[in-house]
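The sequence shown begins at 69 in our numbering and counts up one residue at a time.
Below: the structure, in structure tokens.
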Amino acid sequence: MDVLDTHSGKSVVIVGLEDEEIIRGIEELEKITFKDAAVNRWILAPFIEFGRVYALVDEFGFVIGSCEIFRAWQAEEAHLFAISIHPDYQSKGLGKFLLDVVLKDLKKWGVKRVKLTVSPKNDIAIKLYESFGFEKEKFVENLYGEGEDRWIMRLEMKD
Ligand SMILES: CC(C)(COP(=O)(O)OP(=O)(O)OC[C@H]1O[C@@H](n2cnc3c(N)ncnc32)[C@H](O)[C@@H]1OP(=O)(O)O)[C@@H](O)C(=O)NCCC(=O)NCCS
Numbered sequence: 069m070d071v072l073d074t075h076s077g078k079s080v081v082i083v084g085l086e087d088e089e090i091i092r093g094i095e096e097l098e099k100i101t102f103k104d105a106a107v108n109r110w111i112l113a114p115f116i117e118f119g120r121v122y123a124l125v126d127e128f129g130f131v132i133g134s135c136e137i138f139r140a141w142q143a144e145e146a147h148l149f150a151i152s153i154h155p156d157y158q159s160k161g162l163g164k165f166l167l168d169v170v171l172k173d174l175k176k177w178g179v180k181r182v183k184l185t186v187s188p189k190n191d192i193a194i195k196l197y198e199s200f201g202f203e204k205e206k207f208v209e210n211l212y213g214e215g216e217d218r219w220i221m222r223l224e225m226k227d
């Protein structure tokens with residue numbers, strides 16, 4: 069487990085397959101924040117091995133945030149699959165901290181463009197993404213099923 073950065077006792081780490089406790093913590097957090105759309109360990113494992121999974125952990129090692137990324141076939145592009153902060157810790161700047169560390173790490177690995185999808189109803193997430201320079205690229209109706217519309221957003225990383 070590599071620690072990338074720490075802010076007020078909260079650290080962003082890169083999760084490895086051996087980090088059992090953290091994987092369990094991400095599963096629990098995902099259930100709370102994404103419910104039916106939560107990822108579990110079966111999905112986290114290939115994300116960890118072939119993409120990258122970041123966790124935000126508190127002073128005691130408990131998972132309070134997570135972010136899953138995979139690389140596109142186009143080598144310079146990445147997809148931000150999900151980011152979440154535990155409800156007890158939301159609106160305290162931690163989503164911003166986590167995303168900042170994630171984007172810096174992706175840049176270090178040569179990623180030049182990041183894409184994601186977000187619900188048009190998720191104003192907070194849209195604000196978060198726009199504050200990093202993400203722009204709305206396309207609106208797709210029913211992307212994830214009936215009524216599950218999404219914005220596709222895109223960030224061109226600056227050198
Ligand atoms: C979206 C999410 C990751 C943001 O994390 P967070 O820690 O709550 O956000 P931050 O405190 O870092 O705030 C980031 C920006 O979001 C906006 N924001 C945060 N809380 C807000 C609130 N209660 N009301 C309005 N805007 C808010 C602000 O623009 C803020 O930037 P600013 O403080 O500079 O104005 C978090 O709310 C979350 O986990 N939501 C559930 C899962 C989800 O929807 N994930 C995104 C889709 S994958």
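All residues carry an ideal CB built from backbone N, CA and C; glycine is no exception.
Residue i to residue j span [Cα, whole Å]
i: V71; j: E136; result: 16 Å
i: G215; j: W110; result: 27 Å
i: V179; j: M221; result: 16 Å
i: I151; j: L124; result: 10 Å
i: G129; j: H154; result: 14 Å
i: G163; j: Y157; result: 9 Å
i: N210; j: D217; result: 5 Å
i: S106; j: K226; result: Correcting the residue type first, residue 106 is Ala in the shown sequence and not Ser. Straight-line Cα distance between these residues: approximately 32 Å.
Where the alpha helix (DSSP H) containing residue i begins and where it ends
i: E203; result: Note, E203: premise wrong, no alpha helix (DSSP H); beta strand (DSSP E) at E203 to V208.
i: V169; result: L162 to K176
i: E216; result: No alpha helix (DSSP H) contains E216, which DSSP labels as neither H nor E.
Presumed contact (8 Å Cβ cut-off) between residue i and residue j, rounded CB distance
i: F138; j: F149; result: 6 Å
i: S134; j: I94; result: 5 Å
i: G84; j: I116; result: 7 Å
Bounding residues of the beta strand (DSSP E) (the contiguous stretch that carries residue i)
i: K183; result: R181 to V186
i: W146; result: Reading the sequence as shown, one finds Ala at residue 146 and not Trp. First-last of the beta strand (DSSP E) with A146: E145 to I153.
i: A138; result: Per the sequence shown, residue 138 should be read as Phe rather than Ala. Segment V131 to R139, the beta strand (DSSP E) holding F138.
Test item: CB-CB of residue i and residue j under 7 Å
i: V182; j: A146; result: yes
Inside the region 72 to 115 only - beta strand (DSSP E) runs reaching at least 3 residues: Taking only runs of at least 3 residues, the beta strand (DSSP E) segments lying wholly in the region 72 to 115 are 78 to 82.
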